[in-house]
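Undergrad: Let me begin by handing over the structure; questions about it come next.
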Amino acid sequence: MSGDRKDDHVRLAAEQQASGPRRNGYDDVAFVHHALDGIDVDQVTLCTEVADAPWPLPFYINAMTGGSDMTGAVNRDLAIAARETGAAIASGSVSIALGDPSVAPTFRVLREENPDGFVMANLGVERSADDARRAVELLEANALQVHVNAVQETVMPEGSRSFSTWPSSLERIIAAVDVPVIVKEVGFGLSSGTLRRLADMGVAYADVSGNGGTDFVRVENERRPQRDYGYLEGWGQSTVACLLEAPAGAPTLLASGGVRSPLDVARALALGARAVGVSGSFLSVVLDGGAEALRDRIQEWTMHLGSLFALLGAEDLTALRTTDVVVSGATAQFCAARGVDLTTLAQRSLGRSSNAR
Ligand SMILES: Cc1cc2nc3c(=O)[nH]c(=O)nc-3n(C[C@H](O)[C@H](O)[C@H](O)COP(=O)(O)O)c2cc1C
381 MSGDRKDDHV
391 RLAAEQQASG
401 PRRNGYDDVA
411 FVHHALDGID
421 VDQVTLCTEV
431 ADAPWPLPFY
441 INAMTGGSDM
451 TGAVNRDLAI
461 AARETGAAIA
471 SGSVSIALGD
481 PSVAPTFRVL
491 REENPDGFVM
501 ANLGVERSAD
511 DARRAVELLE
521 ANALQVHVNA
531 VQETVMPEGS
541 RSFSTWPSSL
551 ERIIAAVDVP
561 VIVKEVGFGL
571 SSGTLRRLAD
581 MGVAYADVSG
591 NGGTDFVRVE
601 NERRPQRDYG
611 YLEGWGQSTV
621 ACLLEAPAGA
631 PTLLASGGVR
641 SPLDVARALA
651 LGARAVGVSG
661 SFLSVVLDGG
671 AEALRDRIQE
681 WTMHLGSLFA
691 LLGAEDLTAL
701 RTTDVVVSGA
711 TAQFCAARGV
721 DLTTLAQRSL
731 GRSSNAR
């Protein structure tokens with residue numbers, strides 16, 4: 381594993397952002413507007429609770445990078461922005477630092493710049509229980525993200541093709557670490573069946589990380605001399621589809637993948653996410669303008685999100701989950717095929733005491 385690969389990922393993911401926000405599953409999700417339902421913005425609280433901790437913001441800087449000089453500098457800027465806004469933050473996979481201690485500081489910077497923040501370490505599911513413990517130690521992490529990325533591995537030139545041991549490996553990791561474990565995809569989604577399996581294994585948190593944002597088929601395909609896997613672009617389910625089909629009894633849901641704006645954050649929260657992760661959209665901000673630009677962007681999103689809650693008449697996350705949401709287009713077709721009822725979602729406010737519509 382090399383730092384060059386980490387640099388490639390950042391460069392290629394940033395290139396995907398360069399053409400601006402793309403249409404994705406979030407565009408199929410609309411709040412019903414009720415013109416008299418608004419409340420005052422100072423009645424709104426955006427705080428949430430994840431992995432046994434209060435988070436002041438319901439969105440976070442999701443796993444990206446570390447492992448080279450350049451990505452260490454990116455992590456420093458991400459960490460400063462997290463510290464100054466109170467946003468939770470995840471590292472990129474720390475695997476590389478477990479094998480090569482000389483690059484450990486490019487990850488450690490996430491904790492050093494943000495000593496009191498909520499920091500998540502990130503590791504691949506195939507790693508050993510001992511590696512999982514070391515990953516947590518490295519960052520004095522509050523939680524461990526374990527990524528399941530079979531699609532990425534398939535296209536990655538140096539990737540694995542052996543996935544059958546992943547469930548047992550995950551069980552060993554869960555048993556070994558003493559911080560909450562968050563199982564996450566990397567942009568291809570967690571199906572209802574996968575969420576059910578995770579719940580059965582005792583996983584408490586899952587980040588569905590669906591498609592529509594950074595596409596790691598595209599990233600890895602660009603790293604192949606033949607560029608021969610282009611036909612797999614777009615693989616997987618959207619974040620919205622994953623949230624909609626999540627079964628009762630699923631782990632507590634986090635949502636990432638394709639989040640472009642405060643409205644997407646509100647949409648994911650309204651569909652049941654406890655918090656919303658952002659990678660690609662924030663990466664380009666930090667690469668262009670450093671820590672200050674990302675701090676400003678996070679503060680802007682926080683302000684806008686508060687305004688959206690007020691407009692929707694939701695004083696907190698629980699109330700947001702009683703708003704009326706209409707799902708259309710390809711996402712509605714997906715839900716029909718998967719047996720997910722969308723009519724209740726579109727009429728949730730009928731149950732609200734203030735609204736007898
Ligand atoms: C440059 C870059 C590197 C990433 N590296 C990791 C990683 O090491 N581990 C991981 O779990 N996810 C990684 N991801 C995936 C993100 O955490 C996220 O799941 C995915 O990018 C979808 O979110 P987005 O559309 O907001 O980018 C990376 C994303 C980017 C942009």
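Count along the sequence shown from 1, then add 380; that gives the number in the working numbering. Yeah, the Cβ is synthetic: ideal placement off N, Cα and C, and Gly gets one too.
#1: Would DSSP call valine 639 helix, strand or coil?
#2: List in chain order: all unbroken beta strand (DSSP E) runs of 3+ residues lying wholly within the stretch 404-476.
#3: With a Cβ-Cβ cutoff of 8 Å, do alanine 521 and valine 489 count as a contact?
#4: Would you check if the distance between the CB atom of methionine 581 and the CB atom of isoleucine 554 is smaller than 8 Å?
#5: To which residues of the same chain is aspartate 388 closer than 6 Å at the C-beta, ignoring the five residues directly before and after it?
#6: State the start and end residues of the unbroken beta strand (DSSP E) segment that holds valine 705.
#7: Hey, alanine 461 and alanine 671: beta-carbon distance below 8 Å or not?
#8: Rounded to the nearest angstrom, what separates threonine 767 and glycine 405 at their Cα positions?
#9: Do arginine 640 and phenylalanine 662 have their beta-carbon atoms positioned less than 8 Å apart in this structure?
#10: Leaving out the 5 sequence neighbours to the left and right, which residues in its chain are closer than 6 Å to asparagine 529 when beta-carbon positions are compared?
#11: Taking threonine 723 as the reference, give the member of Arg647, Ser540, Thr574, Leu624 with the closest Cα.
#12: Classify alanine 736 as helix, strand or coil using the three-state DSSP reduction.
#13: According to DSSP, which residues form a beta bridge with tyrosine 585?
#14: If we ignore side chains and look at the alpha-carbon of each, how far apart do glycine 593 and lysine 564 end up?
#15: Tell me the DSSP bridge mates of histidine 527?
#16: Tell me, to the nearest whole angstrom, how far the beta carbon of leucine 634 is from that of arginine 607; I am working on the premise that it is less than 8 Å.
#17: Could you spell out the range, first to last residue, of the beta strand (DSSP E) harbouring glycine 657?
#18: In this structure, does DSSP put serine 542 in helix, strand or coil?
#19: Note down the Cα distance separating proline 434 from leucine 685, rounded to an integer number of angstroms.
#20: Could you work out which residue in Asp432, Phe411, Thr486, Ile441 is closest to serine 448 when comparing CA atoms only?
TA: Taking the definition as stated:
#1: In the three-state reduction of the DSSP assignment, valine 639 falls in the coil class, being assigned neither a helical nor a strand state.
#2: Within the stretch 404-476, the complete beta strand (DSSP E) runs of at least 3 residues are 409-411, 428-430, 433-435, 439-441, 469-473.
#3: In this structure, valine 489 does not lie closer than 8 Å to alanine 521 by Cβ.
#4: In this structure, isoleucine 554 lies closer than 8 Å to methionine 581 by Cβ.
#5: Cβ contact annotation for aspartate 388 (same chain, cutoff 6 Å, sequence separation greater than five): Arg603, in chain order.
#6: Residues 705-707.
#7: Contact flag set, yes.
#8: No answer is possible for residue 767: it lies beyond the span of the chain, which begins at 381 and ends at 737.
#9: For phenylalanine 662 and arginine 640, no; Cβs fall outside 8 Å.
#10: In the same chain as asparagine 529, and ignoring 5 residues on each side of it, the C-beta atoms closer than 6 Å to its own belong to Val566, in chain order.
#11: Residue nearest to threonine 723 within the set Arg647, Ser540, Thr574, Leu624 is Leu624 (criterion: CA-CA distance).
#12: Because the pLDDT at alanine 736 is just 43, under 50, the model does not fix this residue reliably, and the point stays unresolved.
#13: Looking at the DSSP output, tyrosine 585 shares a beta bridge with Ile562, Thr632.
#14: One alpha carbon belongs to glycine 593, the other to lysine 564, and they sit about 15 Å apart.
#15: Gly504, Lys564.
#16: With a Cβ gap of about 32 Å, leucine 634 and arginine 607 do not count as contacting.
#17: Here the beta strand (DSSP E) through glycine 657 covers 655-658.
#18: Coil, per DSSP.
#19: For proline 434 and leucine 685, the distance between alpha carbons rounds to 18 Å.
#20: Among Asp432, Phe411, Thr486, Ile441, the Cα nearest to that of serine 448 is on Thr486.
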